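In full-length UniProt numbering, the protein residues as written are 1 to 318.
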């Protein structure tokens, strides 16, 4: 981001009030001299941990306050017809693509956009004549969103496996990560003008900065060296064999702990800010050059959370 200045501040002294009286305390980063282009796009990613439960707990108030143009949702855990009905109630008129998990009540990803969706792809690519592995269904969906000036932005909502160390679930996770990595490389190469945003719950902490209790999780799924190696490749420089993609949150926040996006419902994890930064947005270097700002919409208190994850919101000037 040559020529741009990133200001980082925690606006804890002035929490934002939501329409229902709840409050959020956001970790803010802004770019002082954002590039001026005709189209700005605000994208939010949120693992809702069950769309019905999230709505009961206050998600509509957050949507009304944040007013994102595009919402990338994970773990909806509901049938397609119900997801569309609920999102229409929460967001109003919007375009929705949703992929249910093969197993009832599990996973599920969606993209809801106030702007037109001109095309969508409900799975990662599979070879001709093959079907997607059942465990991968409901973990990846792409959409081409039309900006007001007619240009397209490719957005992706993804929910990667959590996995359990030393079990077959890690084999599924690594196989899925291989497919995701191959698709990220394709998308980076094909996105017109670098207009690409991949968001979701990746269930991997990239670095020690991304997990409060990293020492206690060195042998746990989500922080294993083999998992983290995938992220090293995603964010690594092209000349070093990486994909050259940009982790928006770390790019703007800098070398600081967190800011975390997931805290266990159990114990005092939220109150002690003992969390993980696993909800991310990934873009191209061109997308990063046009970043206007980003934030984590962390609830002001445990009681005001609508999910065990907090939304991560970023605005791009494409």
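Just so you know, even glycine gets a beta-carbon here, dropped at the ideal spot from N, CA and C.
What you are looking at is a predicted structure, and each value in this text was computed from that prediction instead of being measured.
Whose C-beta lies closer than 6 Å to the C-beta of residue i among residues of the same chain, with five residues either side of it excluded?
{"i": "residue 210", "result": "277"}
{"i": "residue 265", "result": "308"}
{"i": "residue 310", "result": "261, 296, 297, 298"}
What residues in its chain sit with their C-beta under 7 Å from that of residue i, if we drop five residues either side in the sequence?
{"i": "residue 362", "result": "Past the edges of the chain, shown from 1 to 318, lies residue 362, and the structure says nothing about it."}
{"i": "residue 271", "result": "302"}
Tell me the DSSP secondary structure of residue i in three-state form.
{"i": "residue 48", "result": "coil"}
{"i": "residue 165", "result": "coil"}
{"i": "residue 298", "result": "strand"}
{"i": "residue 201", "result": "strand"}
{"i": "residue 286", "result": "helix"}
{"i": "residue 63", "result": "helix"}
{"i": "residue 147", "result": "coil"}
{"i": "residue 118", "result": "strand"}
{"i": "residue 110", "result": "strand"}
{"i": "residue 181", "result": "helix"}
{"i": "residue 186", "result": "helix"}
{"i": "residue 82", "result": "helix"}
{"i": "residue 137", "result": "coil"}
{"i": "residue 14", "result": "Any reading at residue 14 must be qualified, since the residue scores a pLDDT of 47, below 50, and its modelled position is unreliable; no value is offered."}
{"i": "residue 206", "result": "coil"}
{"i": "residue 37", "result": "Unreliable positioning characterises residue 37 in this predicted model, as indicated by a pLDDT of 48, which lies under 50. The coordinate reading is nonetheless provided below. In this structure, residue 37 counts as coil in the three-state DSSP scheme."}
Below 8 Å on the Cβ atoms is my contact criterion, and I expect residue i with residue j to pass it. Report the Cβ-Cβ distance as a whole number of Å.
{"i": "residue 307", "j": "residue 49", "result": "4 Å"}
{"i": "residue 51", "j": "residue 91", "result": "The pair is not a contact, with the Cβ atoms about 12 Å apart (cut-off 8 Å)."}
{"i": "residue 53", "j": "residue 76", "result": "With 8 Å as the limit, residue 53 and residue 76 do not qualify as a contact, their Cβ atoms being about 10 Å apart."}
{"i": "residue 122", "j": "residue 99", "result": "5 Å"}
So, for residue i: in the same chain, excluding its five sequence neighbours on each side, which residues have a beta-carbon less than 8 Å away from its beta-carbon?
{"i": "residue 321", "result": "Since the displayed the chain opens at 1 and closes at 318, residue 321 lies outside it and no answer follows."}
Quiz item: Between the region 190-197 and the region 280-295, do three or more beta carbon pairs fall short of 8 Å?
Solution: Enough Cβ pairs lie closer than 8 Å, so yes.
Exercise. Count the C-beta pairs between the region 113-121 and the region 143-161 that are closer than 8 Å, then say yes if the count reaches three, no if not.
Key: Flag = yes, the region 113-121 and the region 143-161 touch.
Exercise. Ignoring anything shorter than 4 residues or poking outside the region 210-298, list the alpha helix (DSSP H) runs there in chain order.
Key: For the region 210-298, whole alpha helix (DSSP H) runs of length 4 or above, ordered along the chain, are 225-235, 248-253, 285-289.
Self-check item: Cβ pair count under 8 Å reaching 3, the region 169-185 against the region 226-239
Solution: Verdict: yes, contact present.
Practice problem: Kindly confirm or deny that the region 146-159 and the region 196-205 touch, where touching means at least three C-beta pairs closer than 8 Å. | Solution: The region 146-159 is in contact with the region 196-205.
Quiz item: Is it a yes or a no for the region 39-46 touching the region 125-134, going by three-plus beta-carbon pairs under 8 Å?
Solution: No contact exists between the region 39-46 and the region 125-134.
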